[in-house]
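If you read the sequences in order, they're chains X and F.
Going by my numbering, the letters in the first sequence line up with residues 1 to 290, in that order.
Going by my numbering, the letters in the second sequence line up with residues 291 to 569, in that order.
All residues carry an ideal CB built from backbone N, CA and C; glycine is no exception.
I have placed the structure first, in the form of structure tokens, so that the comments after it can refer back to it.
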Amino acid sequence: MAAVHSSQTLAGPADAGPARNIRNRRIAMHLGIFVTIILAWEFGSRAGWLDPLFYPRPSNIMSSFWLIYFENGNVWYHIGVTMSLVFAGFFGGSVLGIVLGSLVGLNGVLRQFLKPYVIVLEATPRIAVAPLVIAAFGFGSGSKIAIIVLVCFFAPFINTLSGVMNVNVEKLELFKSMGASKWQILQKLVLPDAIPVIMAGERLALTAALSGALVAEFIQRDQGIGSLILIYTRNLNMASAFACIFTLTLLGFLIFRGMEIIDRTIAFWKHEQGRSRMTAKRRKAMEGSL
Amino acid sequence: MTRTDNFLMVALRVAPHLVLFFVLIGLWEFSVHIGLITSIMVPQPSAIGAAIIRLYVTEGTIYSHFFITLTEAVVGFGIGASVAVSLAVASSLSEVFKRYVIPYAIVLNVTPGIALTPVIIAWFGYGMGSKMALAAILCFFPIFVNTLTGLVQIDEDREELFKSMGARPSQIFAKLRVPAALPLMFAGLKIGLTTALIGAVVAEFAQATAGVGVLMSRFSFQLDMASSIATLLSMTVIGLMLFYTMEFLDDRIVFWRRESRRAAASRARARTWINQAKK
């Protein structure tokens, strides 16, 4: 909090020069610490303090990166497999979660009867159904997607449920007194109000989807980046395993960024910039129609 | 209200739930019987019941596995939570420390922790150590972030008051910032406990000799779905136990957030003061 605050005031136009100096120095410090850790690791390993068989050297990890991305180029295929599973399962799970969540949120009777089951489901580690699903649906992409759907269904469901239930009573009163139909209330008041909460659920779901895909691949061991990590580790090729894990870090980072951008586009009124952009756009459209 | 009235009220509230539950179970049982659902994929409720009785009562095989998984999750959670809380406290005290720790915490968060499973097993072996390690890694981030957020949000007016009354920085930390952070910290601990259990179970799926996860994947691959679901239910029991323990602690430690607990706590304090005054 405090850090954000100070950097905002420092970045003001009055003292842009010193602010840039401080920022550059900080970046240099970050890099310095990072390089020191990496070098300590590398030399610790070369001096024999860390067993390179289990704790691969940074230089070896770098050469593994080169190997799996360019020389063999085998990682691309597995990334593609895993990510298509993740997106298919995430899409299914979040649609299911949002639809069921709004149904249950809007229907008091349904909610009352479903509550105990939701509590039980919440306490169960949902990834644990993975072996069951594989036994039921067999090996292959189908059961993997089913696992991901199951794993990432819950967060959107709960968040949609609570978002739909927390309707602003005064706004609802206004809508009703203006004679809005039920569908209009849902479409113009309840869902827009719930969207920030739903998006938070979607973000959790996407992370869960990636974890679900990895667990499914660990169990099936056929293709995908999870299987790749497992096979490399079994062969004690730890450098390549770490290259795959850092690939996942990168993918996770991209996914987070992507979700942030989508969040800004959909729930534009929550961010100053998006709001002004949208008003400008609408104004232009209205001028055009006039 | 008399006791029987209370009992009747509870019974009336619970009855529809029970009726619905038994109707659903009956329908399920019936549709498996007439062949609408294949019993290999989805076993009958009666078969699951029989499996539960076999696992818990007649054979009692589940208990050793149950306690192994529970121990793994709890110890892993303990390690992860203590590291997370101490790093969060250090980061809240020192701006510089925070600045250099946070990038690594974010990298750890962005990496799906489950991806580390095979590596952790190679490092810590097939025993309980690797499960605890994965549980600790998985539960670290939510606890760290929640505790840190709680500690750095400062109510300026209250801090002003503390300062004007001549409180030392250590007093401000212990009496103002820590109590203000506790509710968020407990929210993080609850999430962390669930993820710790997930870590323990997933590590057991990958490679282990004992534990509920091993039992479950063994049953699934034998296509003994009834026992597999019975084992899954034992994970639910572990999850519920852990969650309600945390809820109880939350209720006692952050007592001021709930009306009835607050009243009880102030009565207890009043009593000790009166006793002291009498002496």
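In its chain, beyond the 5 residues on either side, Ser-381 have a beta carbon closer than 6 Å to the beta carbon of Lys-388 (chain F).
Between the alpha carbons of Leu-406 (chain F) and Ile-229 (chain X) lies a gap of roughly 8 Å. Within 8 Å of the CB of Ile-134 (chain X), the CB atoms of chain F belong to Ser-510, in sequence order along the chain. Residues of chain F with a Cβ closer than 7 Å to the Cβ of Ser-211 (chain X) are, in chain order, Pro-402 and Ile-404. Taking 8 Å as the cut-off, the Cβ atoms of Ala-516 (chain F) and Ile-338 (chain F) count as close.
For Asp-295 (chain F), the number of other beta carbons within 10 angstroms of its own is below 16, and it is reported as exposed.
Ile-324 (chain F) sits in coil when the DSSP states are folded into three classes, being neither helix nor strand. Taking the CA atoms as reference points, Pro-116 (chain X) sits about 47 Å from Gln-566 (chain F).
Taking 4 residues as the shortest admissible run, the region 154-193 of chain X contains the following complete alpha helix (DSSP H) segments, listed from N- to C-terminal end: 169-177 and 182-185. Shown here, Asn-296 (chain F) sits in a helix according to DSSP, grouped into three states. Excluding sequence positions up to five before and after Val-86 (chain X), its CB lies within less than 6 Å of the CB of Ala-209, Leu-210 and Ala-213, all in the same chain and listed in chain order. Distances from the alpha-carbon of Val-120 (chain X) to those of F:Leu-522, F:Arg-547, F:Arg-552 and F:Lys-569 put F:Leu-522 closest. Per DSSP, the continuous alpha helix (DSSP H) segment holding Tyr-77 (chain X) begins and ends at 75-106. Val-133 (chain X) sits in a helix when the DSSP states are folded into three classes. Contact annotation: in the region 408-422 of chain F, residues whose CB is within less than 9 Å of a CB in chain X are Pro-408, Val-409, Ile-411, Ala-412 and Trp-413. Chain F has a Cβ within less than 8 Å of the Cβ of Phe-54 (chain X).
No Cβ-Cβ contact shorter than 8 Å links Ile-404 (chain F) with Val-81 (chain X). Under the DSSP assignment, Arg-561 (chain F) falls in the alpha helix (DSSP H) whose first and last residues are 549-568.
Secondary structure of Gly-288 (chain X) (DSSP, three-state): helix. Closer than 8 Å to the CB of Phe-218 (chain X) there is at least one CB belonging to chain F. Neighbours of Leu-310 (chain F) in chain X, taken as residues at a C-beta separation under 9 Å, are given in chain order as Phe-113.
Selection X:Glu-170, X:Val-164 and X:Met-199 evaluated against Val-190 (chain X) yields X:Val-164 as nearest (Cα-Cα). Contact between the region 417-437 of chain F and the region 478-493 of chain F is present, with at least three C-beta pairs closer than 8 Å.
Close partners of Met-199 (chain X) in chain F (Cβ separation under 8 Å) are lacking, with about 18 Å as the shortest Cβ gap. Excluding its 5 nearest sequence neighbours in each direction, Arg-547 (chain F) has C-beta neighbours in its own chain below 7 Å: Pro-473, listed in chain order. Within chain F, the residues whose beta carbon sits less than 7 Å from that of Val-120 (chain X) are Thr-526, listed in sequence order.
Apart from sequence neighbours up to five positions away, the residues of its chain that approach Val-364 (chain F) with a beta-carbon distance below 8 Å are Ala-486 and Leu-532, ordered along the chain. Our two residues, Ala-412 (chain F) and Ser-420 (chain F), have alpha carbons roughly 8 Å apart in a direct line. Within 9 Å of the CB of Ile-266 (chain X), no CB atom of chain F is found; the nearest one sits about 22 Å away. Around the beta carbon of Ala-146 (chain X), 16 or more other beta carbons lie within 10 angstroms, which makes this residue buried. Across the structure, Ile-195 (chain X) and Leu-236 (chain X) are spaced so that their CA atoms are roughly 46 Å apart.
From the listed residues X:Ala-205, X:Ile-219 and X:Met-286, the smallest Cα separation to Glu-494 (chain F) is found for X:Ile-219.
Residues of the same chain with a CB within less than 6 Å of the CB of Leu-50 (chain X), apart from the 5 flanking positions on each side, are Gly-44 in chain order.
F:Lys-480 is the residue among F:Ile-528, F:Val-391 and F:Lys-480 whose C-alpha sits nearest the C-alpha of Leu-539 (chain F). Here Glu-537 (chain F) is exposed, its C-beta having fewer than 16 other C-beta atoms within 10 Å. In the three-state scheme derived from DSSP, where H, G and I count as helix and E and B as strand, Gly-138 (chain X) is classed as coil.
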